[in-house]
Amino acid sequence: MEFKNMDLIAPLLKAIQEIGYNEPTAIQQQAIPVLLTGKDIIGCAQTGTGKTAAFAIPLLQKIAQSGLTDNKTQALILVPTRELAIQIGQSLDAYSKYLQIKHTVIFGGVSQHKQVESLKKGATIIVATPGRLLDLLGQKLIDLRALRYFVLDEADNMLDMGFIHDIKKLLKVIPKERQTLLFSATMPKSIRKLAEEILRSPVEVQVSPVSSTAEKVSQQVYHVEKKAKAALLAKILGSGTTQQTLVFTRTKHGANRLVKTLGKSGILTACIHGNKSQNARQQALESFKSGKINVLIATDIAARGIDIHELPRVINYDLPEESETYVHRIGRTGRAGNAGLAFSFCSDEEKPLLLKIQKLIGFQIEEVKQDNKQ
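With the UniProt record's numbering as the guide, the letters of the sequence shown map in order to residues 1 to 374.
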């Protein structure tokens, strides 16, 4: 199937084709026709599957076809992080190139002035993080009474970051008669419960089951004592390669400690986690993307919304508590058919976590012998 066979309006199709989109991804094939019919949807899709286009394209089409041009806010896309909000805003820019549909991106950590000015000019679509959205609603600078579409993206991450209360506050002020879209990389019970509360007879779409890992990602595990992990990481990172590497730690404090430890070995790194300001996180991310630094240390929550094409290597310094998170982490390398490397450090106390991961992905991860370290 191609986009030209999906009953899309000409201005939308023209913009999509200019970007270079011809064939929809699996999630787009499933979601776009459903959303155009007006049904609610619950979508299980990991990062890198084309999820943003799967909801943004039908939203733009429905708004364009509604004929409503009074600049009232018709769609709200709620996301957990500033980084993801900015990405979705950029996607909307591209898809709506030939449509007269205004959108605004709002998030915390920066002055609200520019965002408020943009809202005053009219925003048919708002992309927002929960804190700043509720703040501006409280100041009566946003009016959601005409809302017809509500998108909750990365719902699992929203719950992990403690946004459930903000979501519930928001649900009290938006119209009950609306089309609701919920997307999540994982489907734990908490997400199922939320879906039951906010969706009406939803159609469920799922691609790349969470147990599947990219075929071109080479996965290896190092069995190493907890206290020896930092030295092993320094050895791998300092082995003459300048490969960009995303390193995952379980805690914010662990990330901070690692930056200092690696710094003593002459390895320049930056870290992003929930305690860092939005500006500090954005600066670290830009330094990594531009190649100023080759190593970025991140916690899982902060890493959501990071989109780096052709990232060659991911290292799990700590194994995650949830096996699905492992799949999500290593899914950041080996994208778009490129080869990728995923190394994991496993201490004795983490062996049960490794067994759970291997059970989920369906195979045993290759072990790197310690006398043959890479």
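We put the CB at the ideal spot given by N, CA and C, even for glycine.
Here the C-alpha atom of residue 284 lies approximately 26 Å from the C-alpha atom of residue 184. The DSSP assignment places 41 to 44 as complete runs of the beta strand (DSSP E) inside the stretch 18 to 44, in order along the chain (cut-off: 3 residues). Residue 91: member of the alpha helix (DSSP H) spanning 82 to 95, first to last residue. In this structure, residue 17 sits away from residue 54, with a CB-CB distance that is not shorter than 8 Å.
One Cα belongs to residue 120, the other to residue 136, and the distance between them is close to 12 Å. According to the DSSP assignment, residue 56 belongs to no beta strand (DSSP E) but to the alpha helix (DSSP H) extending over 51 to 66.
For residue 261, no beta strand (DSSP E) segment is defined; the enclosing uninterrupted segment is the alpha helix (DSSP H) at 252 to 264.
For residue 326, the three-state secondary structure derived from DSSP is helix. The beta strand (DSSP E) runs lying completely inside the stretch 165 to 213 and spanning 3 residues or more are 179 to 184, 203 to 206, given in chain order. In this structure, the straight-line span from the alpha carbon of residue 130 to that of residue 163 is close to 7 Å. Beta-carbon to beta-carbon, residue 316 and residue 288 are separated by about 17 Å, too far to satisfy the 8 Å threshold.
Taken through DSSP and simplified to helix, strand or coil, residue 5 comes out as helix. Cα atoms of residue 99 and residue 249: separation of roughly 43 Å, rounded to the nearest angstrom. With fewer than 16 other Cβ atoms inside 10 Å of its own Cβ, residue 175 counts as exposed. CA-CA distance, residue 94 to residue 369, rounds to 48 Å.
Boundaries for residue 116: no beta strand (DSSP E) harbours it, while the alpha helix (DSSP H) harbouring it runs 113 to 120, taken from the DSSP string. Counting C-beta atoms within 10 angstroms of its own C-beta, residue 157 has 16 or more neighbours from the protein chains shown and is therefore classed as buried. Within the same chain, 60, 63, 64, 124, 125 come within 7 Å of residue 101 by CB-CB distance, once the 5 residues on both sides are set aside. In the assembly as shown, residue 268 is an exposed residue. Its beta-carbon has fewer than 16 other beta-carbons within 10 Å.
Under DSSP, residue 272 forms a beta bridge with 298. When the Cα atoms are used, residue 293 and residue 245 turn out to be separated by approximately 10 Å. Taken through DSSP and simplified to helix, strand or coil, residue 366 comes out as strand. The residue among 180, 260, 172 with its C-alpha nearest the C-alpha of residue 201 is 180. In summary, residue 150 is buried, with 16 or more beta-carbon neighbours lying within 10 Å of its beta-carbon over all protein chains present. Spanning the alpha carbons of residue 320 and residue 161 requires a straight line of approximately 16 Å. Counted as a single uninterrupted DSSP element, the beta strand (DSSP E) harbouring residue 313 occupies residues 313 to 316.
Around the C-beta of residue 173, fewer than 16 other C-beta atoms lie within 10 Å, and the residue is accordingly described as exposed.
A contact between stretches requires three or more CB pairs, one per stretch, nearer than 8 Å, and the stretch 222 to 240 fails this requirement with the stretch 272 to 282. For residue 358, the enclosing alpha helix (DSSP H) has its first and last residue at 351 to 361.
Shortest Cα-Cα distance from residue 318 to any of 193, 19, 330, 308 involves 330.
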